[in-house]
Each structure stands twice: as C-alpha cells, then as structure tokens.
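Numbering (the numbering used here), first residue to last: 8 to 457.
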C-alpha cells in the first residue's frame with residue numbers, strides 16, 4: 008500500500024513549530040512522515056492549497072445525547088435548568104431519539120474538525136453513535152444516587168449497563184464510568200464507582216467544582232442543592248472543605264479522573280489535582296452561559312495538570328465547535344487576568360488537540376502530528392474573507408476561523424468530511440431531531456417539569 012501525501016500551506020504538528028508548505032504522509036491509518044512538502048516521500052499527493060492541516064480536534068466534554076435539546080431551556084438558573092432538563096429528557100426522548108441526537112452531535116463536531124469525543128451519557132447511546140459514525144472517543148456511563156441507601160442498586164445498574172454496551176467497544180471507542188456530581192452522588196457511591204472503574208480498567212470522569220451551589224452543598228450542607236435533597240428525604244451534612252477535597256478524602260482522586268469544569272477550584276484543590284495526576288475538561292462557554300464564572304485555567308496549567316477543552320452539551324452551550332471554544336477560553340483568561348499575553352492562540356490550539364488527548368490518556372495515539380500516531384487529521388481552508396490575510400496558522404485558526412472552515416477530516420486515515428461535507432451523513436437523524444423538538448416544545452408548553 009502506497010502512502011497518501013497531504014500537502015498544505017501550513018502543517019501544524021502542535022508539539023513542534025508549524026511547517027510552511029508542509030506535508031503529512033499517511034499509510035494504513037497511521038502517520039508515516041511529517042515535514043516540508045518538497046521532501047515528502049513518494050505516494051499519491053493531494054495538494055490542499057491555502058489551508059492549515061492540524062491534528063484532529065479533541066472535545067474533552069460533551070453530552071451528545073442532549074443535542075436535541077439545543078436552545079430548549081434558556082435563561083434559567085442552574086438548578087432549575089438541570090432539573091427541568093433531566094425531567095424533559097426522561098419524559099420525552101426515547102432511545103431512538105437519543106441515538107439520533109447523539110449522531111447529529113457527532114456530525115456537527117466532525118464538520119468542525121473534531122475527531123475525538125469524551126462523552127458523559129446516561130442512556131448509553133453515545134457509544135453506539137461514535138462506533139457507527141467512525142470517530143474516536145470515550146463514553147463515560149453516568150451513574151446517579153444521592154441517597155446512600157441507593158448505592159448497591161446504582162452499582163448493580165451500572166454493572167448491567169456496562170455489560171450491555173461492551174460489544175460496541177473497539178480500538179477506537181471505549182467505555183468509562185462517570186459518577187455524575189456531588190449533588191447527585193453519595194459518598195458511598197463515589198467510592199464504589201471508583202473501585203469499579205479500577206477493577207474494570209475503565210477511565211472515570213466527574214462533574215466537579217462547577218457552581219457555588221455545589222460548593223455550598225459540600226462545604227456547608229446549605230443552598231439550593233441541599234434544599235432539594237432534604238425535600239426528597241435525604242439527609243445532608245457537610246462533606247469537606249470543597250468538592251475536590253471531598254473526592255480526595257474519599258480516595259476517588261487516586262483513580263485519576265477527568266474533572267469536568269473546576270470553575271471553583273482553589274489553590275489547595277489544584278495542588279490535590281496535580282498530586283494525583285488528575286485531568287481537567289475546561290468548558291469556558293458553558294461555564295459562562297450558566298453563570299458559574301471563569302475557571303482558574305492558568306493556575307491549573309501552571310501546576311502541571313493535564314487540560315483539554317470541552318464544549319459541554321449544546322443544551323448548555325449551543326455549539327460543538329472546539330475552535331470557537333478555544334477562542335472563548337483565550338478571551339476569558341485574558342479578561343480575567345487583564346493580561347494580553349496570558350494565553351496565546353498557539354496555547355489554545357494545543358489545549359484543543361494535544362492537551363485533550365493527554366487529558367483522556369490518548370496522547371500516544373492522537374493529539375499531535377507525529378510518525379506512528381493515528382492519522383486523525385483536520386484541514387481548515389484559509390480561502391474565505393474571514394481568514395484573509397493569515398500571518399500565523401494558529402492565530403488564523405483560533406482568532407479568525409471557525410469550525411465551518413473544515414474542508415477535510417480524517418479518522419484513521421479515512422475521510423469523514425470531504426469538501427466540507429459529511430461523507431456518510433446519519434440517515435434520518437435530522438428528521439428525528441425535528442420530531443424530538445416538537446415533542447419537547449409540547450411538553451414544555453404544557454407545563455412539564457414545573
């Protein structure tokens with residue numbers, strides 16, 4: 008099998024400086040050469056012209072099954088938003104609608120250059136969707152149970168769900184475990200889930216330190232989450248100085264989980280995260296839209312914590328565009344620190360590629376353009392007025408471009424997007440989402456969820 012050589016105005020390996028007039032050779036799903044196009048090995052050559060070739064983007068936090076809920080509940084505070092969102096999903100969205108929802112989310116991501124997804128999912132459909140859409144990823148099966156008396160039943164249900172999903176696993180997609188968050192998971196269930204993840208060889212993810220309400224619940228047993236649990240007859244008591252301190256006390260940080268959000272992480276929290284080699288999914292747009300604040304990203308990075316960028320669900324963000332998310336991350340850190348050099352476009356692009364891969368434990372496979380790695384590539388055109396002129400590929404991508412500039416996307420060397428279009432669009436999924444939207448609107452207008 009001869010190599011296929013992709014040449015572009017710029018090749019950005021990420022771990023090394025950009026290569027003007029560069030090329031990447033691909034054979035058998037792997038990268039076999041990276042360098043100046045004039046030195047490229049023989050093979051079928053595809054000249055991509057005025058474009059930037061980068062590693063496939065990595066979305067380190069999504070809820071793909073919720074794509075049908077884009078724009079469904081807006082302008083609500085966090086707890087009523089998440090309560091109504093959960094009730095609507097359970098009342099309206101069938102298994103087939105959730106699967107279609109996940110596939111449309113993946114399609115949106117692919118069209119924006121995303122090749123790897125870290126998805127937290129209650130229904131389990133995201134694993135099948137990733138497998139059938141031909142992308143890379145980890146689906147963290149969510150588990151809930153704020154009442155300690157629910158722990159055994161929750162773990163039993165988790166084991167059953169994992170067993171039912173194993174047949175969808177492959178070298179590209181795998182299962183993980185996600186005890187959801189401190190306001191939906193008891194201490195006992197956190198410990199049990201971490202033990203199960205370790206024994207099953209599954210990675211783990213937790214929504215953590217996202218909101219002030221969560222911090223008040225853990226620290227003081229007060230606030231809206233505490234009130235909601237007490238209303239259900241669940242005893243509430245202080246559990247730790249912070250959500251991160253809670254998981255440290257329980258031994259859960261030893262499982263090196265992916266910690267999602269970390270908006271409220273303090274200096275001692277960050278030290279704990281670094282000590283246990285945890286990773287962080289940074290979701291700046293969702294954090295801002297839901298009114299949580301700005302995560303201390305620079306402090307987290309300075310501590311050596313592995314960090315990737317995530318969009319969260321489109322119910323919380325409305326877009327699955329990681330380039331746009333990188334731009335938001337950059338803007339917010341500069342605004343928060345009042346420093347124009349706080350983070351560079353190259354830094355942000357690295358978080359969206361190499362950082363995400365390292366955060367997910369996939370750094371040996373993807374995230375940079377290097378010989379031996381999987382050929383997950385994304386190509387972005389610089390031919391539009393929006394990206395002209397372009398003096399630096401990283402600046403052009405992060406500051407000026409958007410996911411809609413993606414013209415070619417490969418996973419394992421196979422095209423998933425060509426000429427800006429999906430090679431294999433999910434059949435009937437868009438029609439299913441329109442049906443889901445109608446059903447959700449009917450439920451909401453009838454007063455569903457209170």
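Positions of the beta carbon are idealized from the N, C-alpha and C atoms, including for glycine. Please read all numbers here as calculations on a predicted model, not as lab measurements.
Count the other C-beta atoms from every protein chain shown that fall within 10 angstroms of the C-beta of residue i, then say buried if there are 16 or more, exposed otherwise.
{"i": "residue 425", "result": "exposed"}
{"i": "residue 166", "result": "exposed"}
{"i": "residue 206", "result": "exposed"}
{"i": "residue 82", "result": "exposed"}
{"i": "residue 371", "result": "exposed"}
{"i": "residue 398", "result": "exposed"}
{"i": "residue 149", "result": "buried"}
{"i": "residue 97", "result": "exposed"}
{"i": "residue 299", "result": "buried"}
{"i": "residue 133", "result": "buried"}
{"i": "residue 63", "result": "buried"}
{"i": "residue 410", "result": "buried"}
{"i": "residue 240", "result": "exposed"}
{"i": "residue 171", "result": "exposed"}
{"i": "residue 303", "result": "buried"}
{"i": "residue 282", "result": "exposed"}
{"i": "residue 51", "result": "exposed"}
{"i": "residue 262", "result": "buried"}
{"i": "residue 78", "result": "exposed"}
{"i": "residue 431", "result": "exposed"}
Starting from residue i and walking both ways along the alpha helix (DSSP H), at which residues does that stretch end?
{"i": "residue 198", "result": "194 to 207"}
{"i": "residue 42", "result": "Here residue 42 belongs to no alpha helix (DSSP H); instead the beta strand (DSSP E) covers 37 to 43."}
{"i": "residue 102", "result": "102 to 118"}
{"i": "residue 55", "result": "That residue, residue 55, is in no alpha helix (DSSP H); it is neither H nor E in DSSP."}
{"i": "residue 417", "result": "Not the alpha helix (DSSP H): residue 417 falls in the beta strand (DSSP E), residues 413 to 418."}
Can you check which of these residues, the options, is closest to residue i by C-alpha distance?
{"i": "residue 39", "options": "410, 381, 248 and 439", "result": "381"}
{"i": "residue 10", "options": "157, 49 and 247", "result": "49"}
{"i": "residue 198", "options": "221, 128, 152 and 147", "result": "152"}
{"i": "residue 270", "options": "307, 281, 232 and 186", "result": "307"}
{"i": "residue 13", "options": "422, 445, 108 and 246", "result": "422"}
{"i": "residue 453", "options": "99, 145, 408 and 279", "result": "99"}
{"i": "residue 378", "options": "47, 27, 65 and 28", "result": "47"}
{"i": "residue 312", "options": "279, 413 and 41", "result": "279"}
{"i": "residue 314", "options": "351, 331, 332 and 265", "result": "265"}
{"i": "residue 4", "options": "194, 131 and 178", "result": "Look at the range of the chain in this structure, 8 to 457, and you will see that residue 4 is not part of it."}
{"i": "residue 164", "options": "131, 359 and 51", "result": "131"}
{"i": "residue 127", "options": "185, 79 and 418", "result": "185"}
{"i": "residue 95", "options": "363, 76 and 414", "result": "76"}
{"i": "residue 450", "options": "53, 30, 85 and 93", "result": "93"}
{"i": "residue 177", "options": "441, 141, 316 and 161", "result": "141"}
{"i": "residue 146", "options": "238, 318 and 367", "result": "367"}
{"i": "residue 328", "options": "351, 212, 254 and 404", "result": "404"}
{"i": "residue 305", "options": "389, 284, 231 and 358", "result": "358"}
{"i": "residue 175", "options": "138, 204 and 168", "result": "138"}
{"i": "residue 443", "options": "60, 203, 104 and 257", "result": "104"}
Along the chain, where does the beta strand (DSSP E) containing residue i start, and where does it finish?
{"i": "residue 27", "result": "26 to 34"}
{"i": "residue 315", "result": "313 to 316"}
{"i": "residue 125", "result": "121 to 128"}
{"i": "residue 80", "result": "It is not in any beta strand (DSSP E) - residue 80 carries neither H nor E in the DSSP assignment."}
{"i": "residue 421", "result": "421 to 425"}
{"i": "residue 15", "result": "11 to 18"}
{"i": "residue 300", "result": "Per DSSP, residue 300 belongs to no beta strand (DSSP E) and is neither H nor E."}
{"i": "residue 449", "result": "Counting along the chain, residue 449 falls outside any beta strand (DSSP E), though it belongs to the alpha helix (DSSP H) covering 436 to 452."}
{"i": "residue 399", "result": "Careful: residue 399 lies outside any beta strand (DSSP E) and carries neither H nor E."}
{"i": "residue 164", "result": "It is not in any beta strand (DSSP E) - residue 164 instead sits in the alpha helix (DSSP H) that spans 158 to 172."}
{"i": "residue 65", "result": "64 to 69"}
Return the CA-CA distance between residue i and residue j, expressed in angstroms with no decimal places.
{"i": "residue 69", "j": "residue 44", "result": "36 Å"}
{"i": "residue 420", "j": "residue 112", "result": "21 Å"}
{"i": "residue 234", "j": "residue 55", "result": "57 Å"}
{"i": "residue 117", "j": "residue 309", "result": "31 Å"}
{"i": "residue 373", "j": "residue 246", "result": "38 Å"}
{"i": "residue 74", "j": "residue 445", "result": "14 Å"}
{"i": "residue 301", "j": "residue 8", "result": "49 Å"}
{"i": "residue 34", "j": "residue 273", "result": "46 Å"}
{"i": "residue 356", "j": "residue 119", "result": "14 Å"}
{"i": "residue 109", "j": "residue 433", "result": "10 Å"}
{"i": "residue 154", "j": "residue 196", "result": "9 Å"}
{"i": "residue 16", "j": "residue 336", "result": "26 Å"}
{"i": "residue 67", "j": "residue 28", "result": "30 Å"}
{"i": "residue 225", "j": "residue 144", "result": "31 Å"}
{"i": "residue 387", "j": "residue 88", "result": "36 Å"}
{"i": "residue 250", "j": "residue 407", "result": "37 Å"}
{"i": "residue 455", "j": "residue 90", "result": "11 Å"}
{"i": "residue 213", "j": "residue 187", "result": "6 Å"}
{"i": "residue 412", "j": "residue 227", "result": "48 Å"}
{"i": "residue 277", "j": "residue 435", "result": "45 Å"}
List in chain order: all unbroken beta strand (DSSP E) runs of 3+ residues lying wholly within the segment 131 to 156.
143 to 150
Alpha helix (DSSP H) runs wholly inside the segment 203 to 291, at least 4 long, in chain order:
219 to 227, 231 to 238, 250 to 257 and 274 to 282
Which runs of the beta strand (DSSP E) at least 3 residues long sit entirely within the segment 334 to 396? Give them in chain order.
384 to 388
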